[in-house]
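Below is one structure, written out as structure tokens, with a few remarks after it.
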Amino acid sequence: MNSNNEVAEALKSVAQDLQSTLAQIQGVTTQLSEISITLDALSKQDPEKPVYRAIGSLLLEVEDRNSVKDDLEGSMIALQEHMDRLSSRENDLRKKYDELVTAYEKQ
71 MNSNNEVAEA LKSVAQDLQS TLAQIQGVTT QLSEISITLD ALSKQDPEKP
121 VYRAIGSLLL EVEDRNSVKD DLEGSMIALQ EHMDRLSSRE NDLRKKYDEL
171 VTAYEKQ
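FYI, my numbering numbers position 58 of the sequence shown as 128, with every residue one higher than the one before it.
Rendered as structure tokens:
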């Protein structure tokens, strides 16, 4: 990068990407927490009591608790894999940001 202006623009772009990635991480963290709480509540609920699932605007009784548990665990695995990718991206962006700050300061 040749000019201060180019470095400043790159810094701005990386900062925006980092901010977006951090917002995504926060969203995924919230979803993981919600699923964990749901799985915990499901495991503690009396097996004789019905379990309901929201489908569209309806709340329907679920016949097979294990399928609900399996779906939740599958979602949790997928979200954790997504979180791992986001964390890796965050680390890469932070390194790039630090490099650009150093380049900007040297000019």
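Even glycine gets a Cβ: it sits at the ideal position worked out from N, Cα and C.
**Prompt:** In chain order, what residues of the same chain have a beta carbon less than 8 angstroms from the beta carbon of residue 141, not counting five sequence neighbours either side?
**Reply:** Numbered from its first residue, the sequence shown carries residue 141 at position 71. So no residue of the chain qualifies.
**Prompt:** Which residues bound the alpha helix (DSSP H) around residue 160?
**Reply:** By one-based count along the sequence shown, residue 160 stands at place 90. Where residue 160 is concerned, the enclosing alpha helix (DSSP H) stretches over 135 to 176.
**Request:** Alpha carbon to alpha carbon, how far is residue 122 from residue 171? Give it in angstroms, no decimals.
**Result:** To locate residue 171, count along the sequence shown from 1; it is residue 101. To locate residue 122, count along the sequence shown from 1; it is residue 52. Counting only the Cα atoms, residue 122 lies some 52 angstroms from residue 171.
**Prompt:** For the beta strand (DSSP E) that contains residue 131, what are its first and last residues?
**Reply:** Here residue 131 is taken as the residue at index 61 of the sequence shown, counted from 1. Note, residue 131: beta strand (DSSP E), 128 to 132.
**Request:** Assuming residue 78 and residue 174 form a contact by the criterion Cβ under 8 angstroms, report the distance between their Cβ atoms to the nearest whole angstrom.
**Result:** As a working note, residue 78 is residue 8 in the sequence shown. As a working note, residue 174 is residue 104 in the sequence shown. In this structure residue 78 is in contact with residue 174, their Cβ atoms being roughly 7 angstroms apart against a cut-off of 8 angstroms.
**Request:** Kindly confirm or deny that the stretch 146 to 160 and the stretch 88 to 95 touch, where touching means at least three C-beta pairs closer than 8 angstroms.
**Result:** At 8 angstroms Cβ cutoff, the stretches touch.
**Prompt:** Three-state secondary structure (DSSP) at residue 79?
**Reply:** Indexing the sequence shown from 1 puts residue 79 at position 9. It is helical.
**Asked** For residue 120, which residues from the same chain have a beta carbon less than 8 angstroms from its beta carbon, with the 5 sequence-adjacent residues on both sides left out?
**Response** Working through the sequence shown from its first residue, we reach residue 120 at position 50. Only 131 and 132 meet the Cβ criterion.
**Message:** Looking at the ligand ADP, does it come within less than 6 angstroms of residue 161, judged from the CB to the closest heavy atom?
**Reply:** The model on display carries no ligand, and the ligand ADP is accordingly not part of it.
**Message:** So residue 167 and residue 81 are supposed to be a Cβ contact under 8 angstroms. How far apart are they, rounded?
**Reply:** One-based indexing of the sequence shown puts residue 167 at position 97. One-based indexing of the sequence shown puts residue 81 at position 11. Rounded, the Cβ-Cβ distance is 7 angstroms, consistent with contact.
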